[in-house]
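So the structure is just underneath, and the comments pick up after that.
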Amino acid sequence: MGSLQSLVVKEVKELVRDPKILIGVILMPLIMFPVMGQSISISQKSVMQAMITASFAIYDEDQGQEATELKDYLYRNNTVITV
469 MGSLQSLVVK
479 EVKELVRDPK
489 ILIGVILMPL
499 IMFPVMGQSI
509 SISQKSVMQA
519 MITASFAIYD
529 EDQGQEATEL
539 KDYLYRNNTV
549 ITV
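Heads up: the sequence shown begins at 469 in this note's numbering, then just goes up one per residue.
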């Protein structure tokens, strides 16, 4: 374990000495992760809004059980349906 510990100590010293590496390894993730999280959150909100306001057209020729169940499910979820 001694060689691993000395390797870790050496790498940490190199990180502290070179500010360019310090910026790339520590500061960039601290900036990028919140930005990426916010962009994903905004994207999810827009998708949810699109799902809420979605409207569907159903062409039901046979008046079968599956089509009836689908229409009932969509009506229960307040979805705009054109039959």
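Positions of the beta carbon are idealized from the N, C-alpha and C atoms, including for glycine.
Beta-carbon spacing of L483, I489 below 8 Å: Taking the sequence shown and counting its residues from 1, the one referred to as residue 483 is at position 15. Taking the sequence shown and counting its residues from 1, the one referred to as residue 489 is at position 21. Yes, the pair counts as a contact, with Cβ atoms nearer than the cut-off.
Neighbourhood of M516 by C-beta, 8 Å cutoff - its chain only, sequence neighbours within 5 removed: Along the sequence shown, one-based indexing puts residue 516 at 48. Taken in chain order, the list of residues that qualify is empty.
Nearest neighbour of R544, chosen from V503, Q531, I520 [CA to CA]: As a working mapping, residue 544 is identified with position 76 in the sequence shown. If we check each option's Cα against that of R544, I520 comes out closest.
Spatial distance of S509 from G492 (CA atoms): Translated into positions along the sequence shown, residue 509 becomes position 41. Translated into positions along the sequence shown, residue 492 becomes position 24. C-alpha separation (whole angstroms): 25 Å.
Delimiting residues of the alpha helix (DSSP H) encompassing G532: The sequence position of residue 532 within the sequence shown is 64, counting from 1. Unbroken run through G532: none, as it is neither H nor E.
Cβ pair A518, I526 closer than 8 Å: On the sequence shown, position 50 is the one that residue 518 refers to. On the sequence shown, position 58 is the one that residue 526 refers to. No, these two residues do not count as a Cβ contact at 8 Å.
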